[in-house]
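Chemist: Residue numbers (this note's numbering): 469 to 520. Virtual Cβ for every residue (Gly too), placed ideally from N, Cα, C.
Structure, rendered in structure tokens:
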């Protein structure tokens with residue numbers, strides 16, 4: 469019976485990873501479509517997240 473919690477946990481982990489990737493891809497696509505440039509503060513936060 470230990471397989472059921474393992475399957476549930478694996479499914480949740482996969483769902484979290486997939487939804488995160490989809491959110492990142494959608495965010496990049498929306499940012500590319502926007503004619504207004506992203507503010508410098510937002511860009512700085514993204515750079516800090518990427519490098520740490």
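Tell me whether residue 478, by its Cβ, gets closer than 7 angstroms to a heavy atom of the ligand FMN.
Modeler: With respect to small molecules bound, the structure shown includes none, and the ligand FMN cannot be examined in it.
Chemist: Whole angstroms are fine: how far does the CA of residue 475 sit from the CA of residue 488?
Modeler: Cα to Cα, residue 488 sits roughly 20 angstroms from residue 475.
Chemist: So for residue 497, helix, strand or coil by DSSP?
Modeler: Of the three classes helix, strand and coil, the one that applies to residue 497 here is helix, per DSSP.
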